[in-house]
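Protein chains in written order, with our numbering: chain A, 11 to 379; chain B, 11 to 379. Each residue gets a CB set at the ideal place from its N, CA and C atoms; glycine is no exception.
There are 2 protein chains.
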Amino acid sequence: MTAAAQIGDGVDAIDTPALVIDLDAMERNLARMAEFARTHGIRLRPHAKMHKSAAIARLQIGAGAVGVCVQKTSEAEALADGGIADIFISNEVIAPAKLERVAELAKRIRLAIAVDSSLGIERLAAALKLAGSMVEVFVEIDVGQGRCGVAPTAAGALAQQVVSHGLRFAGVQAYHGRAQHLRTVAEREAAVRHAVSLARSAQAAISGAGIVCPLVTGAGTGSFAIEAAAGVLGELQAGSYLFMDRDYADNEPTPHAPAFEQALFVKSQVMSRGHSHAVVDAGHKAHAIDSGLPRVWGLDSEYANGGDEHGILRAHREALPALGDTVWLVPGHCDPTVNLHDHYVAVRGGLAHGSVEAVWTIDARGAVR
Amino acid sequence: MTAAAQIGDGVDAIDTPALVIDLDAMERNLARMAEFARTHGIRLRPHAKMHKSAAIARLQIGAGAVGVCVQKTSEAEALADGGIADIFISNEVIAPAKLERVAELAKRIRLAIAVDSSLGIERLAAALKLAGSMVEVFVEIDVGQGRCGVAPTAAGALAQQVVSHGLRFAGVQAYHGRAQHLRTVAEREAAVRHAVSLARSAQAAISGAGIVCPLVTGAGTGSFAIEAAAGVLGELQAGSYLFMDRDYADNEPTPHAPAFEQALFVKSQVMSRGHSHAVVDAGHKAHAIDSGLPRVWGLDSEYANGGDEHGILRAHREALPALGDTVWLVPGHCDPTVNLHDHYVAVRGGLAHGSVEAVWTIDARGAVR
Numbered sequence: 011m012t013a014a015a016q017i018g019d020g021v022d023a024i025d026t027p028a029l030v031i032d033l034d035a036m037e038r039n040l041a042r043m044a045e046f047a048r049t050h051g052i053r054l055r056p057h058a059k060m061h062k063s064a065a066i067a068r069l070q071i072g073a074g075a076v077g078v079c080v081q082k083t084s085e086a087e088a089l090a091d092g093g094i095a096d097i098f099i100s101n102e103v104i105a106p107a108k109l110e111r112v113a114e115l116a117k118r119i120r121l122a123i124a125v126d127s128s129l130g131i132e133r134l135a136a137a138l139k140l141a142g143s144m145v146e147v148f149v150e151i152d153v154g155q156g157r158c159g160v161a162p163t164a165a166g167a168l169a170q171q172v173v174s175h176g177l178r179f180a181g182v183q184a185y186h187g188r189a190q191h192l193r194t195v196a197e198r199e200a201a202v203r204h205a206v207s208l209a210r211s212a213q214a215a216i217s218g219a220g221i222v223c224p225l226v227t228g229a230g231t232g233s234f235a236i237e238a239a240a241g242v243l244g245e246l247q248a249g250s251y252l253f254m255d256r257d258y259a260d261n262e263p264t265p266h267a268p269a270f271e272q273a274l275f276v277k278s279q280v281m282s283r284g285h286s287h288a289v290v291d292a293g294h295k296a297h298a299i300d301s302g303l304p305r306v307w308g309l310d311s312e313y314a315n316g317g318d319e320h321g322i323l324r325a326h327r328e329a330l331p332a333l334g335d336t337v338w339l340v341p342g343h344c345d346p347t348v349n350l351h352d353h354y355v356a357v358r359g360g361l362a363h364g365s366v367e368a369v370w371t372i373d374a375r376g377a378v379r
Numbered sequence: 011m012t013a014a015a016q017i018g019d020g021v022d023a024i025d026t027p028a029l030v031i032d033l034d035a036m037e038r039n040l041a042r043m044a045e046f047a048r049t050h051g052i053r054l055r056p057h058a059k060m061h062k063s064a065a066i067a068r069l070q071i072g073a074g075a076v077g078v079c080v081q082k083t084s085e086a087e088a089l090a091d092g093g094i095a096d097i098f099i100s101n102e103v104i105a106p107a108k109l110e111r112v113a114e115l116a117k118r119i120r121l122a123i124a125v126d127s128s129l130g131i132e133r134l135a136a137a138l139k140l141a142g143s144m145v146e147v148f149v150e151i152d153v154g155q156g157r158c159g160v161a162p163t164a165a166g167a168l169a170q171q172v173v174s175h176g177l178r179f180a181g182v183q184a185y186h187g188r189a190q191h192l193r194t195v196a197e198r199e200a201a202v203r204h205a206v207s208l209a210r211s212a213q214a215a216i217s218g219a220g221i222v223c224p225l226v227t228g229a230g231t232g233s234f235a236i237e238a239a240a241g242v243l244g245e246l247q248a249g250s251y252l253f254m255d256r257d258y259a260d261n262e263p264t265p266h267a268p269a270f271e272q273a274l275f276v277k278s279q280v281m282s283r284g285h286s287h288a289v290v291d292a293g294h295k296a297h298a299i300d301s302g303l304p305r306v307w308g309l310d311s312e313y314a315n316g317g318d319e320h321g322i323l324r325a326h327r328e329a330l331p332a333l334g335d336t337v338w339l340v341p342g343h344c345d346p347t348v349n350l351h352d353h354y355v356a357v358r359g360g361l362a363h364g365s366v367e368a369v370w371t372i373d374a375r376g377a378v379r
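Right, dumping it as structure tokens:
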């Protein structure tokens, strides 16, 4: 689709619905996270599954990140095409045809990948051998999410298999997605304590197998400060900190963690107006609702689900916006919201009176394979 | 993104996750709905917000549909670019810049649009005057959803305004989105009875204003047979019948309505396997969960939410698929699932042993403006 605005347009001229970045807020978030990693002596490898943009990945690397993570082979390809030279696929790939692409990609960038099965390691090794390329391999352990990853005690045997296939063992992938969204600090601390103890068990199992474990990598925006303090992780994968969303804003703030600002918005417009409600032109084809409905920004109003293409605002009659008015929405969940759009419209100078400084393609939109 | 398969590939070669159409099932659905409209003497204008594809719209028009509906100006543009010559934007457009595009589009196709405000009519008339083009105008009434549309009693005044601005008044838009998903026939019948009585009131108000009301248009896959029997609607807008989804399958079947088959699937693969669960590579970036989680097709297993990129299957241990196995998912809701993908992979000969007959671009993917 055509972008919703052009460089130089005022905010008013941005067509709706559109995915808009408040650049000033984003840059402050970028700097705060870079500073946190620097002062804690920990590597930052932000998760690009969130923003899917080579332009934004370049900003993160420019601010000190060692590279980025992605979840899918096609995401890695899209970002490599955009010039990103150090990517970790922090997820398993089991299809031989995809592993061929992984092996091809490894010829042109520094690439890492996660494994959690013997079959996965065998197939990866076969594809790399055929292509004559090499990747770094992380063994993923399940640190409490009950999704991918082996039990920590099994990490030693898998690491040994990685090495015996002549692959580079790079360490342990220990990410706990669900822990990010536990509302209280106490809950997140408990989840991280458990995750960190499992990561230590994995380190012990690997060391017991006579193999050096160079790195434990993991953490997200909801838990990274707790994980950094625990001292086992050497690399943080947080991604959402850059944009934030309603779901993260609902978390109790972690002490000693930087305070991040909302930097991602969906600009919408009132396209129908009833006596006691207003209808905006952004439904869940314009923002993802898997983590709940969006928050209406700067307006004392609730957003109710109006289906794929509409949102219904209810408020005190005086607070209801008029037909044609702009309404800014804070998405419930940033990652899948970004994945609905083809472009970012990046605004400098604030949402009220700013103008469009950049239009960035969301390079890996739809890159689910 | 690159398509997940090429024409001639066997089903096994389709990369995952991918949006797959069972062509045989889709064609049976297409024929059943065309036959229903024919035997009931009612026009069919399927909603293309569901499939967003010019190729599929052409199949529907070839089977007797008078044209298609869309929800957004950019959807209409994308389908017009794909050769569709009769489109109804069954939704309000209020932004002057968008109305300019509507007026431009009306120069090259037969175009209709909905209005529900004086401001909307004025702006539409101004844009058409400037462009020197013409559209058909439907007045939308609220038939119970509480979203867009005026009260039936207000339809006469709006119709008069349409006429007084020199626009073509085409009738009443009377769609009840929420009624589609009421589970029991009795609930849907009650909702339709109410909607139909409101549509009659609108007809009376328009006739009272001395204006002929040529058509009442509306209905969806959950309610069209009830609306057709009620005899007020002259045109059906159902769209989902072509693909179906888990949400519609959960409805109690309407008597005398054709039985539609599931024709849309997400092909996924087991990419991690625990002792008591399997993880597939399709999360809610590959299928929409606004109407609930997908159903696992042909496998006695439940799909649990594994986040953006994963689904977690739990089953009796013997029923759990193995690492690398294919798992077919029936999306919870077809429309927003389609909107996540760039291509349809259309399979002839069934999901087990068929092959790829066509790869269709989802022309209006992301067309939210």
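- One finds 378, 379 in chain B with Cβ atoms closer than 7 Å to the Cβ of residue 27 of chain A, taken in chain order.
- Taking 8 Å as the upper bound for CB-CB distance, residue 323 of chain B and residue 288 of chain B are in contact here, some 4 Å apart.
- Out of A:292, A:330, A:114, A:373, the CA that lies nearest to the CA of residue 142 of chain A is found in A:114.
- Closer than 9 Å at the C-beta level to chain B, one finds these residues of the segment 256–282 of chain A: 279, 280, 281, 282.
- Nearest Cα to residue 358 of chain B within the set B:301, B:35, B:14, B:345: B:35.
- Residue-level contact by beta carbon fails for residue 55 of chain A and chain B, as no gap is shorter than 8 Å.
- Residue 192 of chain A and residue 261 of chain A have their C-alpha atoms roughly 7 Å apart.
- Note on residue 12 of chain A: under 16 other CB atoms within 10 angstroms of its CB, so exposed under the neighbour-count rule.
- One finds 295, 318, 350 in chain A with Cβ atoms closer than 9 Å to the Cβ of residue 349 of chain B, taken in chain order.
- Annotation: Cβ neighbours of residue 102 of chain A in chain B (cutoff 7 Å, chain order): 281, 282.
- 8 Å or more divides the Cβ of residue 52 of chain B from the Cβ of residue 277 of chain B.
- Taken through DSSP and simplified to helix, strand or coil, residue 368 of chain B comes out as strand.
- Residue 181 of chain A has A:148 as its beta-bridge partners, per DSSP.
- With fewer than 16 other CB atoms across the displayed protein chains lying within 10 angstroms of its CB, residue 310 of chain A is exposed.
- For residue 91 of chain A, the uninterrupted alpha helix (DSSP H) run begins and ends at 83–91, by DSSP.
- For residue 32 of chain A, the enclosing beta strand (DSSP E) has its first and last residue at 28–32.
- Rounded to the nearest whole angstrom, the C-alpha separation of residue 70 of chain B and residue 251 of chain B is 12 Å.
- With its beta carbon less than 8 Å from one in chain A, residue 346 of chain B belongs to the interface.
- Interface with chain A (8 Å Cβ-Cβ cutoff): residue 11 of chain B is included.
- Of the candidates B:95, B:107, B:129, the residue whose Cα lies closest to the Cα of residue 122 of chain B is B:95.
- About 6 Å separates the CB atoms of residue 195 of chain B and residue 264 of chain B; that is less than 8 Å, so the two are in contact.
- For the alpha helix (DSSP H) assignment, the uninterrupted runs of no fewer than 4 residues enclosed by the segment 111–162 of chain B are, from N- to C-terminal side, 128–141.
- Checking the DSSP bridge columns, you'll see residue 376 of chain A has no partner listed.
- Residue nearest to residue 14 of chain B within the set B:91, B:366, B:206, B:373 is B:366 (criterion: CA-CA distance).
- DSSP places residue 236 of chain A in no beta strand (DSSP E) but in the uninterrupted alpha helix (DSSP H) bounded by 234–240.
- Cα atoms of residue 329 of chain B and residue 314 of chain B: separation of roughly 16 Å, rounded to the nearest angstrom.
- Proximity to residue 351 of chain B across B:372, B:333, B:343 peaks at B:372, based on C-alpha coordinates.
- When the five nearest sequence neighbours on each side are left out, the beta carbons in the same chain lying within less than 6 Å of the beta carbon of residue 354 of chain B are those of 29, 31, 370, in order along the chain.
- Relative to the Cα of residue 97 of chain A, the nearest Cα in the group A:103, A:89, A:104 belongs to A:89.
- Counting only residues of its own chain and dropping the five nearest sequence neighbours on each side, residue 298 of chain B has a CB closer than 6 Å to the CB of 343, 346, 347.
- Rounded to whole angstroms, residue 55 of chain A and residue 210 of chain A show a C-alpha spacing of 21 Å.
- Going by DSSP, residue 347 of chain A is part of no beta strand (DSSP E) but of the alpha helix (DSSP H) stretching over 344–348.
- The three-state reading of DSSP puts residue 20 of chain B in strand, counting E and B together.
- When Cβ-Cβ separations below 8 Å define contact, residue 19 of chain A makes no contact with chain B.
- Per DSSP, the continuous beta strand (DSSP E) segment holding residue 78 of chain A begins and ends at 78–80.
- Where residue 323 of chain B is concerned, the enclosing beta strand (DSSP E) starts and stops at 321–324.
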